[in-house]
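These protein sequence lines map, in sequence, to chains A and B.
Per the working numbering, the very first residue in the first sequence carries number 3; after that it's consecutive.
Per the working numbering, the very first residue in the second sequence carries number 3; after that it's consecutive.
We treat Cβ as the ideally placed atom computed from N, Cα and C, and that holds for glycine.
Since the structure is predicted, the reported quantities are computational estimates derived from the model, not experimental observations.
Number of protein chains: 2
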Amino acid sequence: MPDSAPAPIQSGESLLFLTDEQLRKGIEAMFFAYRGFTADPDRILEQYGYGRAHHRAMHFIHRVPGTTVNNLLSILGVTKQSLNRVLRTLIEDGLVQSKVGNRDKRERHLCLTEAGAALEQQLSDAQRARMRKAFRAAGPEAVAGFRQVLEAMMEPEMLAHYNRLKDGG
Amino acid sequence: MPDSAPAPIQSGESLLFLTDEQLRKGIEAMFFAYRGFTADPDRILEQYGYGRAHHRAMHFIHRVPGTTVNNLLSILGVTKQSLNRVLRTLIEDGLVQSKVGNRDKRERHLCLTEAGAALEQQLSDAQRARMRKAFRAAGPEAVAGFRQVLEAMMEPEMLAHYNRLKDGG
DNA sequence: CTTGGAAAGTCAACAACGCTGACGTAAAAT
DNA sequence: ATTTTACGTCAGCGTTGTTGACTTTCCAAG
């Protein structure tokens, strides 16, 4: 073997050889898959005159019932003006309820109404259906890998939110 | 074991038991990870006054040099008006070159200029760095699973584009 | 040669959803 | 009592998506 040959691939888990081609493929997979990920909810939202931002807000209000605006702001990573616009329409339309806090009356605690919970379920049913199909097609080991890579890709602050949600907080 | 207990989990690969919790975790992982996925390029693009749409256009022009506008349209899944606006600024700024086709002079063939290739590389270097870090942290088996799930999540038309790119067409 | 239609470009208008900055109110914290 | 925090809101702007209409160019079929 001539010493001008490329470095051999290490099969160990610490020294992982990754070509630009492999990384590019991963990048394009993320791009194309995210489109599929949002496609089904987008179609439903369109019928109600809502957008992705409304879905995201409803999702996390459902996940953390009674959460405050500031907490939601931190999870979603947008400005309060941007969130407020979305939140206002959801409250006006009777999908979200905003209650003044007991301990701290500056805070607003957000909950889904019955109608809001119904739409949220319709949206998440559609999104879960696609995720279930993908998980079933790929198998349990692939699912574990999928999550490992995604978690390693998150910004630390977002990973913290993700883990907090995982534990049901 | 009382018969009121939940159905046992099947360990086979065809009968895969998936709880809503597992699916939700996958959904939230996609949401948070995609933010990380775009974070680094977004920071760079901001300095040049460009957005994600410019990045996407440059990425696929780099991947398929000489591609036509229509092909790019199909890959990106946007309207020609939306793409044209982005493309026009890139051409004006000397990052993309548009050449009239030889065989069919209606077609425009798109290529990156030297300056365009330089910015594209800066962007994809940043994006690859994060992907590499995530891949290394998760390990080769996780990477395989990551791609399997993402591919199973794509819309058929996008999967076709993805595979076409994979083979270098 | 004429004509139909495809490919591309352009203009106008609009919507969703990010952003900044500024201002106001209420309440908690110091 | 003053400052800070949480929230809402107004105004304005930018990117990026949309539809609709119109023109030009040009290949290809009649």
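By the C-beta density criterion, A:E48 is exposed, having fewer than 16 other C-beta atoms within 10 angstroms. Residues of chain B with a Cβ closer than 8 Å to the Cβ of A:M60 do not exist, since the nearest Cβ in that chain sits about 13 Å away. For A:L18, the neighbours in chain B by C-beta distance under 8 Å run, in chain order, F137, R138, G141 and P142. The beta-carbon of B:L75 is placed no less than 8 Å from the nearest beta-carbon of chain A.
No Cβ of chain B is located within less than 8 Å of the beta carbon of A:H57.
Residue-level contact by beta carbon holds for B:K27 and chain A, with a gap shorter than 8 Å. Annotated as distal: A:I46 and A:L114, with beta-carbon spacing of 8 Å or more.
According to the DSSP assignment, B:V102 belongs to the beta strand (DSSP E) that extends over V98 to V102. Straight through space, the alpha carbons of A:L18 and B:R138 are spaced by roughly 6 Å. Secondary structure of B:T69 (DSSP, three-state): strand. Leaving aside the five residues that flank A:A55 on each side, the residues in its chain whose CB is nearer than 6 Å to its CB run, in chain order, V88. For A:R110, the secondary structure class from DSSP, reduced to helix, strand or coil, is strand.
A distance below 6 Å between beta-carbons, with the five flanking residues on each side excluded, links B:R105 to no residue of its chain. Taking the Cα positions, B:Q150 is about 38 Å away from A:Q83. At a cut-off of 8 Å between beta-carbon atoms, A:R132 makes contact with chain B. In the DSSP assignment, B:D127 falls within the unbroken alpha helix (DSSP H) covering E116 to A140. Bounds of the alpha helix (DSSP H) holding B:V88 are K82 to E94. For B:M156, the secondary structure class from DSSP, reduced to helix, strand or coil, is coil. At the C-beta level, A:L78 and A:R58 come within 8 Å of one another. The beta carbon of A:S100 sits closer than 7 Å to the beta carbons of I93, R110 and L112 from its chain, once the five residues preceding and following it are set aside; these are given in chain order. When only Cα atoms are considered, A:D127 and A:A154 end up about 27 Å apart. Counting along the chain, no alpha helix (DSSP H) covers A:F19, and no H or E run does either.
Contacts with chain B at 8 Å (Cβ-Cβ) do not include A:R45. Proximity of chain B to A:R166 at the Cβ level (cut-off 7 Å) is not reached, the minimal Cβ distance being about 11 Å. In terms of beta-carbon proximity, A:L152 lines the interface with chain B, with at least one pair separated by less than 8 Å.
Residues of chain B with a Cβ closer than 7 Å to the Cβ of A:H111 do not exist, since the nearest Cβ in that chain sits about 21 Å away. Chain A has no Cβ within less than 8 Å of the Cβ of B:V102. By the beta-carbon neighbour count (other beta carbons within 10 angstroms, threshold 16), B:T69 is buried. Here DSSP, grouped into helix, strand and coil, assigns B:Y50 to helix. Residue environment analysis places A:V102 among the exposed positions, since fewer than 16 neighbouring C-beta atoms fall within 10 angstroms of its C-beta.
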